[in-house]
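The number in the working numbering is simply the position in the sequence shown, starting from 1, with 936 added.
Note that the Cβ used here is the ideal one computed from N, Cα and C, for glycine as well.
None of these values were measured; they are calculated from a predicted model.
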Amino acid sequence: MERKYLKALVSGREVLKSLRALMTQDISPQERLNQIVALVADRLGMDVCSCYIMRPGDMLELCATKGLDQKAVHETFLRVGEGLVGEIALQRKSLIFEDAWNHPSFVHKPETKEKAFKSLMGVPVLRGSHLLGVLTVQTRQVESFPPETAELLETVAMLVAEMLFAHQFQSPARTLEVPTLSRRLEGVCLIDGIAVGRAVIHQRMHSTSSVAADDPQREVKKLKLALKQIGREVSRILANPRITGDQAAIFETYLMFTRDQGWIDKMVRAIESGLTAEAAVERVKEDIAARMEKISDPYIKERIHDFKDLAARLIRHLRGKSLLKKRPKLPKNTILTARSLGPAELLDYDISKIKGILLEEGSQTMHVVIVARALNIPIVSGLKDVCQIVMPGDVIALDAGAGVAYLNPSDDVSDEFLAKQQQHRRRQARYTQMKDLPAQTLDGTLMSLNINAGLTPDFSSLKNISFDGVGLYRTELPFMAAERLPDVRAQTDIYRRAILQTGGKPIVFRTLDIGSDKVLPYFQQTNEENPAMGWRSIRMTLDRRILLRGQLKAFIRASAGKELNVMFPMVTSVSEFLEAKQTFFKELERERSRGNALPKAVHVGTMLEVPALLFQLDDLLKHVDFVSVGTNDLSQFLFATDRGNPLIWNRYDSLSPAMLKTLKFITDKCRAAGVKCSVCGEMAGKPLDAIVLAALGYRSLSMNPASLGAVKAALRTVDLTDLNQFLLYHLSDETVSLRALLTSWARDHAVFI
Ligand code: PEP
Ligand code: MG
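Written as structure tokens, this is what we have:
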């Protein structure tokens, strides 16, 4: 090993040791940041070390410096992209400017008095994909900065990122003393509701939570052991004769990476510089991925994804499964702010603390939205750069119905907000008053209103509402919330509890609908280009028959002596339904032959959500006891629009003539065949859509419990005969949606929507 490298390594480790000591001291965040920059400047022999922190509006604020004028702290701001520091933030990568002063992007900030400095190196302060700031060093002499210094600065940046991130959960106040920014953010309402709370920025869990380590040898050992274990796991998978073709190629690539000496050496070097094993994997990962990106060979390019996946697995392995699930503690009233969010990620949090969600991306029928709706958490989406604009600890007043979030609201806004909150409460009170009244329309049609459920909180809130049954029990939700795959006994308990909590009302149990955006953290994921149209739902459970059989067995056991309704999701052909139905009856037979108690009646039905099934309805209706229309997936496939893609989420509407004709076609067919037909997609929970469904002939709707009041209020004020006539007249209009027309009609006819 070169002497210079060894020296840098030792000093790097010492710096990290001192930094770690600093992290444990009971001092303010500002003081800690001051000491960090002083320490880095001293130990690395730099004339300047400064830390800039991201502020709302894409601004970087000088928050601590050793070497520049102290008066510039909290006074100097640079936009992202402005000057050399802004360039580092924009590119999100480490940059060196040997002749900084003469660089075309250089911007002089006189208050910093930085005229005397020649060279500058800066690294982004990143946590996961989130840019928190920039850390820089500067020198009086022209300096090219050795790679070891760059690496050390990157490590320090990781620690600073951890410090800034950790602090957001400890104190409701801002991380550092800066004036707060009041702002009105406008997006799209995904779930109506009003909430006030403190912002917490959601971070993907793969980012490292502990960065520096004392004992490099132990960390190297940990790394090598984890690589060996993953290698063994992968070899075992490869030995399975069913793993062939593309799948085998992926695992072979994994195996190749676990043995790649170049990668391993780089990680060991990172550990020797003072990092923990997982932080070393994270650090080296981006670096290698960036290099692979530059290689023109398409084969190598394609492997980047595999490589990143393996690195993520390695980090998970190093942290252990329990750590993987551990989320930071949330303040009591949390407004979770995220670029995007998966349903399992949401359920990892203590959901009782989450009062609202702000998203950059997300649409009405994404599963995370469905889960949040079940939990009555308002969401505003389509908020561009919200994770950059909102700072941890900011006060947020959320008026989701208006699609607005007020950031650190002024007194005037707070007053206005209070009035809205009262109005919202009045509406809720009106719904509560109607609780025991029937869902009967003005023309005397009685509707059956049911709930969609799956999570424990769904059931605990049932005392305050009236409903006819559970029209859709999404069994994947308890699976998603569990640490590991629940066995038959655990499932039986879950379903039995659901039956008990619904007080004998009918429940429709839907078999597992996993895949697409509903992933189980412990379940091996497949790499599919189009998971929503891939190996999901009934397609997967028919292939993994053990899973399906176990679930059917649990349904049967939980329903002993009671009525059992089983429904299959994503059925595409009659034969698929028959195969699933046969599996159910075989399981029932097995239970009978074992002498186990059986349900007193069974009904087997299907979701209607794949358009191909519509053209097999005549045949299908001979074999089913009931059908339930899943309008979320049905419209996704009918319009060929990804339900989670914000670019197209509002392009097609459920109240379009095409969708309404489809829905009418289904209910007409079912009525003629005498088969019960309901709607359990999100459409059923929107007051205007719900009255339209009723006018088309649907008599049973299933929705999130939170929507029941509003839907009942709309139904009780509508005359379906009038609406039906109006609808039939407009069903062939050449328009993309009848929503505006129907809204006017409802207002003119005093329908409470
Ligand atoms: C649907 O697709 O409409 C539906 C109810 O199922 P999920 O939203 O769970 O896919
Ligand atoms: Mg569906």
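Between the CA atoms of residue j and residue i - distance to the nearest angstrom
i     : j     : result
K1257 : T1679 : Low confidence applies to K1257: its pLDDT is 44, below 50, so where it sits in the model is not reliable enough to give any reading.
R1076 : L1004 : 12 Å
T1428 : K1522 : 18 Å
A1389 : N1466 : 27 Å
L1407 : I1387 : The question names Leu, but residue 1407 is Gly in the sequence shown. Roughly 6 Å separates the two Cα atoms.
Q1006 : E1352 : 41 Å
E1208 : A1097 : 21 Å
L1277 : L1557 : 38 Å
V967  : K1002 : The sequence shown places Glu at residue 967, rather than the Val named in the question. For E967 and K1002, the distance between alpha carbons rounds to 12 Å.
V1092 : A1494 : 55 Å
A1216 : V1305 : 35 Å
T1273 : I1130 : 15 Å
D1379 : N1660 : 12 Å
H1039 : L1163 : 44 Å
Heavy atom of the ligand PEP within 6 Å of residue i beta-carbon
i     : result
C1616 : yes
T1567 : yes
Where residue i sits in the DSSP three-state scheme
i     : result
R1493 : helix
S1673 : coil
I1293 : strand
H1138 : coil
M959  : helix
A1609 : helix
V973  : helix
R949  : helix
L1659 : helix
S1636 : strand
L1095 : helix
S954  : helix
I1430 : helix
Q1552 : coil
C1616 : coil
V1507 : coil
N1568 : helix
R1587 : coil
L1126 : strand
V1502 : strand
L1421 : coil
L1088 : helix
T1212 : coil
R1119 : strand
Closer than 6 Å: residue i CB and nearest the ligand MG heavy atom
i     : result
E1545 : yes
N-terminal and C-terminal residue of the alpha helix (DSSP H) that residue i is part of
i     : result
M1416 : E1412 to A1417
M1383 : Taken as a continuous stretch (DSSP letters only), M1383 belongs to no alpha helix (DSSP H), as it is neither H nor E.
F1403 : No alpha helix (DSSP H) contains F1403, which DSSP labels as neither H nor E.
I1306 : H1303 to A1310
V1156 : P1152 to A1175
S1350 : D1347 to Q1369
A1206 : Q1197 to E1208
A1280 : P1279 to D1284
Start-to-end residues for the beta strand (DSSP E) that takes in residue i
i     : result
L1391 : Element bounds for L1391: n/a, residue is neither H nor E.
V1647 : Not the beta strand (DSSP E): V1647 falls in the alpha helix (DSSP H), residues L1644 to L1651.
H1539 : A1537 to L1544
A1333 : V1331 to D1335
I1689 : No beta strand (DSSP E) holds I1689; DSSP gives it neither H nor E.
V1340 : V1340 to L1343
V1316 : I1315 to S1317
S1564 : F1562 to V1565
R1446 : I1443 to R1446
I1325 : Careful: I1325 lies outside any beta strand (DSSP E), inside the alpha helix (DSSP H) at V1322 to I1325.
T1377 : Taken as a continuous stretch (DSSP letters only), T1377 belongs to no beta strand (DSSP E), as it is neither H nor E.
I1287 : It is not in any beta strand (DSSP E) - I1287 carries neither H nor E in the DSSP assignment.
Q) Going along the chain, which unbroken runs of the beta strand (DSSP E) with 3 or more residues stay wholly within the region 1019-1080? A) Counting only runs of 3 or more, we get 1031-1033, 1055-1063 and 1066-1075.
Q. Fully enclosed by the region 1451-1490, which alpha helix (DSSP H) runs are 4 residues long or longer?
A. Correct list: 1473-1479.
Q. Which ranges would you report for the alpha helix (DSSP H) in the region 975-1014 if only whole runs of at least 4 residues count?
A. Listed in chain order, nothing qualifies, since the region 975-1014 has no complete alpha helix (DSSP H) run of 4 or more residues.
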